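First comes the structure, then the notes that go with it.
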Amino acid sequence: MTPETKLEEIFTKLAPKQKSALKNLCILTAEDLLWHFPFRYENPADLKRINEVFEGEQVRIWGKVKKIDYEKTWKKKLNIAYATIEDATGRIKLVWFRQPYIAKMLPESSCAIFSGRVALRKSANGREKYIANPLYDIVPCSLVPNFSATITPSLQPLYPTTAGLSSLWISKAVSKILSQIKINEFLPKEIIDKYHLPELGKALRWVHIPKTAEHASAAKKRFAFEEVFLMQLLRITQKEEIKKTAGVGFKNLKKLKEEFLGLFNFQPTKAQLRAIDDVIKDFESGHPMNRLLEGDVGSGKTAVAAAAAYMVAKNGMEATYMAPTEILARQHFETFTKLFKNSGIKIGLLTSSISDKFPSKVNPALSTHISKSQLLRWVANGEIPILIGTHSLIENKVAFKNLALAMVDEQHRFGVMQRSRLLKKNKALPHFLTMTATPIPRTLALTIYADLDVSILDEMPPGRKKIETKIVPPKERNLAYEFLRSKISDGEQAFVICPRIEPKDPSKAGWLKAEMKSVKEEHKKLKEKIFQEFEIGIMHGRLKPKEKEETMRRFKDGKIKILVSTSVIEVGVDVPNATIMMIEGAERFGLAQLHQFRGRVGRSEKQSYCFIFPSAYSAQVFKRLKALTQAKSGFQLAEYDLEFRGAGELTGRRQWGISDIGMEALRNLKMVEAARLEAKNIIEEKSLGKYPLLSEKIKALSREPLHFE
Ligand code: ADP
Ligand code: MG
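If you read the sequence shown in UniProt numbering, its first letter stands for residue 1, the second for the next number, and so on.
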């Protein structure tokens with residue numbers, strides 16, 4: 001048996017259901033299964049005996065299933081399943097309402113760990129304890145302890161499963177594979193020794209069949225290290241590859257920079273100038289630029305993008321600029337058209353529903369709608385040197401004459417795949433500039449951006465004041481509204497963010513008693529009851545593009561005073577006259593995301609305010625939101641998020657291609673730095689060739705789609 005052996009060959013009696021379950025989990029080979037790690041270990045010491053549980057208690061118990069019954073109440077057509085389970089100390093009943101299939105997956109005589117809350121009900125012999133809708137994981141009966149004896153059973157791994165596949169099956173299958181397979185270590189021995197990592201075979205045994213919690217965590221540490229190390233090694237290798245590739249060259253960059261600064265309506269910040277110079281250096285390097293422009297919200301990244309696009313356009317080649325939302329793409333289009341209106345540069349805007357061109361033939365000061373096919377033809381001819389848009393830009397239909405620069409704004413919203421498709425638009429590799437305010441923890445940045453050179457905008461445009469941030473208790477809501485009224489009367493504007501579009505259907509409200517504000521309700525309330533005198537706009541993802549465009553225009557023009565919106569305006573939206581940001585249901589958002597919302601105001605010299613309305617108050621919520629009033633930067637907030645809510649809460653995590661174990665590793669800066677150091681050493685010493693298994697691994701990884709292919 002090798003790691004590549006198909007599971008169907010190892011387990012010849014797989015039922016069709018199991019086959020499809022394995023396929024759903026993308027587990028096809030022995031290796032896939034070995035790398036399907038438990039998400040948790042059950043420690044028998046944490047489990048209760050059945051005769052110890054009491055009413056109202058949330059418990060976890062082991063038990064053997066004695067009997068399963070089904071019932072359908074004829075009045076309500078309610079399906080109910082009952083099970084009785086038993087351990088050495090007693091029996092208890094389990095009841096599942098409306099989910100008989102759950103009980104069906106649990107055969108009689110099987111053993112499982114059940115968790116749920118204990119309740120009491122009337123029965124023939126008085127009152128009887130039961131657990132309603134318990135969750136369970138099937139485990140081997142041999143492990144269910146006999147509580148009268150003093151044995152300490154080992155930790156029980158619990159795996160991510162789907163219907164048709166139990167944790168127990170996985171656990172047995174893994175044991176079988178581990179007993180037959182030969183595992184080769186691919187990490188360099190020096191690294192294993194230096195960081196005291198268990199070597200691969202041992203780590204696999206320890207992660208699946210740990211004798212102690214320490215073994216399990218040592219194994220996880222190894223896999224986390226391995227993942228971060230491989231990712232760094234891969235990215236740095238790719239970075240080296242880029243350095244061997246020829247890049248598009250340009251002329252007159254210094255002169256063009258000065259010209260651009262003449263068009264720019266502000267004094268650039270020092271940080272902006274540095275970033276523009278970094279871009280010029282890359283343009284002159286003879287190799288493709290691969291740069292990340294990182295700067296907190298409002299630091300002026302768009303201007304750097306515009307400078308780069310200007311230099312490319314004036315060299316007779318094309319630049320493209322991709323934004324994550326239509327609103328943002330249009331905003332960039334408008335910024336660019338204003339900047340370049342007298343420079344003779346044509347600009348296109350392409351989204352799934354819009355195709356616009358600047359300037360219009362009829363009125364050279366304005367842009368105009370044209371047909372998509374016409375726009376694409378002009379772009380392909382090289383007649384429109386700057387094309388701005390959403391992910392529509394990466395469709396196959398879009399071709400350029402000579403694409404020299406691909407830029408992506410707020411790139412954390414884009415998958416690696418999408419970036420790679422944008423870069424494939426040209427035969428020669430275009431320069432690549434990506435910009436983000438994504439407050440991500442430093443560990444994550446080090447890992448996922450290892451292939452990028454970084455320019456940092458660490459300075460805000462002059463005259464910006466710190467945004468006053470306040471958590472508003474319910475009784476002060478009206479005060480906040482009155483404050484808003486006075487500011488709007490002075491000519492300023494405001495955003496109100498709500499977590500959802502529609503109010504929740506009250507008939508389906510069920511368990512969710514806590515109110516969750518919706519854009520539609522809030523809009524109606526503000527319009528009819530609070531601010532009758534002002535025009536109030538509404539913005540969310542389900543509006544038609546035309547409606548969005550019209551609303552944004554009216555807001556920018558100052559006609560709409562208050563814009564009630566979902567998180568669609570989270571990134572990038574720039575309306576400097578807006579000075580108040582109100583966030584409803586704030587505890588529903590991550591801190592980094594709240595910081596992005598707040599970044600929609602404070603974009604001029606006026607004092608701005610952010611009012612945070614939680615819909616639930618608890619010490620936990622308060623502590624987290626408080627961080628927002630204190631943190632100095634979005635990056636700090638991302639670290640708080642990582643700390644308070646765990647890696648799962650980081651925005652965009654699905655797109656980074658990091659596993660759960662890898663993400664958890666990001667809490668450990670030392671480890672990430674060590675992995676990075678080792679990866680760098682190997683590249684610098686050109687010693688990858690010394691480790692054939694490791695280079696094999698990197699080659700395999702680089703065949704997976706990454707942005708450089
Ligand atoms: P972000 O980095 O969040 O993308 P933007 O590029 O949207 O920031 O810029 C934020 C606001 O600051 C915009 O209104 C922009 O016109 C303005 N701005 C950019 N650079 C400067 C500058 N050097 N001086 C003054 N205002 C600037
Ligand atoms: Mg921006």
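Backbone N, C-alpha and C define an ideal beta-carbon position, used for all residues, glycine too. The model shown is predicted, which means the values in this text are computed figures rather than measured ones.
Inset, instruction - Look up ILE92 in the DSSP assignment and give the residues it is bridged to. - result: ILE85
Legend entry - As assigned by DSSP and simplified to three states, the class of MET311: helix
Legend entry - Presumed contact (8 angstroms Cβ cut-off) between GLU31 and GLU4, rounded CB distance: 7 angstroms
Legend entry - Contiguous alpha helix (DSSP H) assignments of at least 4 residues, all confined to the region 250 to 326: 253 to 263, 270 to 284 and 301 to 314
Legend entry - Coarse secondary structure for THR237, derived from DSSP in three states: helix
Inset, instruction - Can you have a look at PRO134 and say buried or exposed, based on whether 16 or more other CB atoms are within 10 angstroms of its CB? - result: buried
Inset, instruction - Verify whether the separation of the beta carbon atoms of ALA213 and LEU155 is less than 8 angstroms. - result: yes
Inset, instruction - Under the assumption that SER565 contacts MET539 (Cβ atoms under 8 angstroms), give the Cβ distance between them as a whole number of angstroms. - result: 4 angstroms
Legend entry - Beta-bridge partners of HIS431, as assigned by DSSP: LEU405
Inset, instruction - Going by CA-CA distance only, name the one from LYS520, LYS525 and LYS559 that's closest to GLY541. - result: LYS520
Inset, instruction - Assign PHE534 to one of three DSSP states: helix, strand, or coil. - result: coil
Legend entry - Span of the beta strand (DSSP E), counted from its first residue to its last, around THR73: 58 to 73
Inset, instruction - Taking only the alpha-carbon atoms, compute the straight-line gap between ALA380 and LYS401 and give it to the nearest angstrom. - result: 5 angstroms
Inset, instruction - Throw me the rounded Cβ distance for the LYS561 and ILE536 pair, which I believe falls under 8 angstroms. - result: 7 angstroms
Inset, instruction - Check each candidate in GLU664, ASP451 and ALA313 and name the one with the smallest Cα separation from ALA679. - result: ASP451
Inset, instruction - State yes or no: is the C-beta of residue 712 nearer than 7 angstroms to some heavy atom of the ligand ADP? - result: Outside the modelled stretch of the chain, which goes from 1 to 709, sits residue 712, for which no answer is possible.
Legend entry - Nearest-angstrom Cα separation, counted from SER455 out to ARG274: 8 angstroms
Inset, instruction - Give the straight-line distance between the Cα atoms of ARG60 and GLU549, rounded to the nearest whole angstrom. - result: 54 angstroms
Legend entry - Local Cβ density within 10 Å of ALA149, reported as buried at 16 or more and exposed below that: Any answer about ALA149 is weak, because its pLDDT of 49 lies below 50 and its placement is not dependable; what the coordinates show is given next. So ALA149 ends up on the exposed side.
Inset, instruction - Might you give, ordered along the chain, the residues of its own chain that have their beta carbon closer than 6 angstroms to the beta carbon of ILE280, omitting 5 neighbours on each side? - result: LEU253
Inset, instruction - For the beta strand (DSSP E) containing LEU349, list its first residue and its last residue. - result: 347 to 350
Inset, instruction - Evaluate LEU120 with the Cβ neighbour count: other Cβ atoms within 10 Å of its Cβ, from every protein chain shown; 16 or more gives buried, anything less gives exposed. - result: exposed
Inset, instruction - Return the chain-ordered list of same chain residues with a C-beta closer than 6 angstroms to the C-beta of HIS36, the five sequence neighbours on each side being excluded. - result: ILE27
Inset, instruction - Would you tell me roughly how many angstroms separate the C-alpha atoms of SER489 and ARG464, rounded to the nearest one? - result: 22 angstroms
Inset, instruction - For LEU694, I'd like the list of residues in its chain whose CB is within less than 6 angstroms of its CB, leaving aside the five on either flank, ordered along the chain. - result: PHE186
Legend entry - Separation of VAL568 from PHE589, as counted between CA atoms: 13 angstroms
Legend entry - Beta-bridge pairing of residue 721 - partner residues as DSSP gives them: As shown, the chain starts at 1 and ends at 709. That puts residue 721 outside it, with no answer to give.
Legend entry - Integer Cβ distance of LEU200 from ILE177, believed to fall under 8 angstroms: Contact flag wrong, Cβ pair sits at about 14 angstroms.
Inset, instruction - Quick one: using the 10 Å Cβ neighbour count with 16 as the cut-off for buried, is ASN315 buried or exposed? - result: buried
Legend entry - C-alpha gap between GLY298 and GLY689, whole angstroms: 45 angstroms
Inset, instruction - State buried or exposed for GLN593, treating a residue as buried only when at least 16 other CB atoms are found within 10 Å of its CB. - result: buried
Inset, instruction - To the nearest angstrom, report how far apart GLN272 and GLY300 are at their CA atoms. - result: 7 angstroms
Inset, instruction - Please report how far the alpha carbon of ALA700 lies from the alpha carbon of LEU230, in whole angstroms. - result: 11 angstroms
Inset, instruction - Give a yes or no on whether the C-beta atoms belonging to TYR136 and PHE114 are separated by under 8 angstroms. - result: yes
Inset, instruction - Just the C-alpha distance for GLU643 and THR73, rounded to the nearest angstrom, thanks. - result: 47 angstroms
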